[in-house]
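Sequential numbering of the sequence shown, starting at 0, is according to numbering that gives the first Met the number 0. Here is the structure we will look at.
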Amino acid sequence: MEAATNLLHDTGVQATRWLQQRFQGSQDWFLFISFAADLRNAFFVLFPIWFHFSESVGIRLIWVAVIGDWLNLVFKW
0 MEAATNLLHD TGVQATRWLQ QRFQGSQDWF LFISFAADLR NAFFVLFPIW
50 FHFSESVGIR LIWVAVIGDW LNLVFKW
């Protein structure tokens with residue numbers, strides 16, 4: 000189990016390093032994506048808009064946001 004965790008961590012570090020080297024001038028873009036994909040924004044901004052257009056899409060958006068945030072917390076832990 001520890002070997003798998005170390006492999007997952009090393010892969011994450013390598014991916015982060017690759018992104019930092021490849022997209023050095025894109026910091027503002029990544030900050031915007033991080034802000035827009037925040038669970039708070041998904042719930043208070045994106046959900047009402049999409050729910051107005053399509054109820055099923057709005058509900059799926061909430062599920063994706065909640066599961067994505069939960070996975071983020073699990074992987075950080």
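From the three backbone atoms N, C-alpha and C, an ideal C-beta is built for every residue, glycine too.
Check: Alpha carbon to alpha carbon, how far is A2 from H51?; Outcome: 47 Å
Check: Report the rounded CA-to-CA distance for R59 versus Q13, giving the unit in angstroms.; Outcome: 31 Å
Check: Less than 8 Å between the C-beta atoms of D68 and L30, yes or no?; Outcome: no
Check: Pick helix, strand or coil for D37, following the three-state DSSP scheme.; Outcome: coil
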